[in-house]
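**Q** Got a structure for you, questions after.
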Amino acid sequence: MNRLACTIALLAAASTDALVTNQPKAFASDRRNFFGVLGGAAAAAVVTGAPAPANAKAAIKTGPANPFTGDYDDPNHPGCLRQVKVVGAPMRADGSRPLYAVVEVTGYDGKGGAKVCKDRPTRADLWKVTGKTKGDDEATLDFSVKGGPSDLVGKWDGSGIVFPDGNKWTKLNYAPRDRRPTDMATLSDGPL
30 MNRLACTIAL LAAASTDALV TNQPKAFASD RRNFFGVLGG AAAAAVVTGA
80 PAPANAKAAI KTGPANPFTG DYDDPNHPGC LRQVKVVGAP MRADGSRPLY
130 AVVEVTGYDG KGGAKVCKDR PTRADLWKVT GKTKGDDEAT LDFSVKGGPS
180 DLVGKWDGSG IVFPDGNKWT KLNYAPRDRR PTDMATLSDG PL
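In terms of the numbering used here, the sequence shown has 31 at position 2, counting the first letter as 1, and numbering is strictly consecutive.
So this is what it looks like as structure tokens:
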């Protein structure tokens with residue numbers, strides 16, 4: 030049943046008291062109630078049946094529903110932590126939210142500049158970069174805190190994030206506990 034039919038059915042069911050009463054009323058009062066219900070139903074039908082504006086965008090998914098959220102393998106830093114989270118954008122002073130969700134990337138590159146991670150990091154060893162999504166398949170990240178570009182674009186290709194230099198972080202289907210910080214008691218030992 031479409032939205033219009035549901036709205037009309039709900040209004041009809043809710044307005045039966047206005048149309049049928051056990052007490053005698055003046056004709057003008059019954060007619061006023063009848064036309065009030067009829068006008069309300071017509072207004073609801075117009076509002077419910079109106080198409081969405083052409084420029085209206087679907088809300089960007091956050092949390093586990095977003096394809097970017099998860100743990101990744103980075104071929105340039107094998108065995109190192111690469112965790113991406115997509116969270117809702119913070120509220121503005123006027124009470125509205127930006128169109129794009131916030132992307133948070135937490136990582137670890139190994140002790141002493143090593144490119145391969147064989148040990149678990151501490152929280153002090155982690156780095157964090159942020160960015161924003163541009164739809165469900167593109168994110169712009171600010172790697173300037175690590176000496177990289179402030180507007181690095183990563184594109185979701187169905188199995189990972191591909192960067193302009195050809196590097197691809199492949200998404201893992203599990204949460205690798207051996208990459209998590211040793212001093213983070215809040216992390217769950219359960220499945221992803």
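C-beta: ideal position from N, C-alpha, C; glycine also.
1) Just the Cα atoms here: how many angstroms apart are V182 and L170?
2) Given this structure, state the Cα-to-Cα distance separating A79 from V158, to the nearest angstrom.
3) Among residues of its own chain, excluding the 5 on either side of M213, which ones have a beta-carbon nearer than 7 Å to its beta-carbon?
4) Is W185 closer than 8 Å to P96 when the C-beta atoms are compared?
5) Is it true that the CB of Y101 sits closer than 8 Å to the CB of K163?
6) For R206, is the classification buried or exposed, using 16 other Cβ atoms within 10 angstroms of its Cβ as the cut-off for buried?
7) In whole angstroms, what is the alpha-carbon distance linking V191 and H106?
8) Give the secondary structure of K161 by DSSP, where H, G and I count as helix, E and B as strand, and everything else as coil.
9) Go to S136, then tell me how far its beta strand (DSSP E) extends in each direction, as first and last residue.
10) Using alpha carbons as the reference points, say which of G139, T98, P104 lies closest to W247.
11) By DSSP, does V113 sit in helix, in strand, or in coil?
**A** By the coordinates alone:
1) Straight-line Cα distance between these residues: approximately 6 Å.
2) Bear in mind that the predicted position of A79 carries a pLDDT of just 49, short of 50, making it too unreliable to give a figure here.
3) Cβ neighbours of M213 beyond the five flanking positions: R152.
4) Yes, Cβ-Cβ distance for P96 and W185 is below 8 Å.
5) For K163 and Y101, no; Cβs fall outside 8 Å.
6) Exposed.
7) So the alpha carbons of these two residues sit roughly 15 Å apart.
8) Look at K161 here: in three-state DSSP terms it is strand.
9) Reading off the sequence, residue 136 comes out as Gly, not Ser. Segment 131-136, the beta strand (DSSP E) holding G136.
10) Outside the modelled stretch of the chain, which goes from 30 to 221, sits residue 247, for which no answer is possible.
11) Secondary structure at V113: strand, using DSSP grouped into helix, strand and coil.
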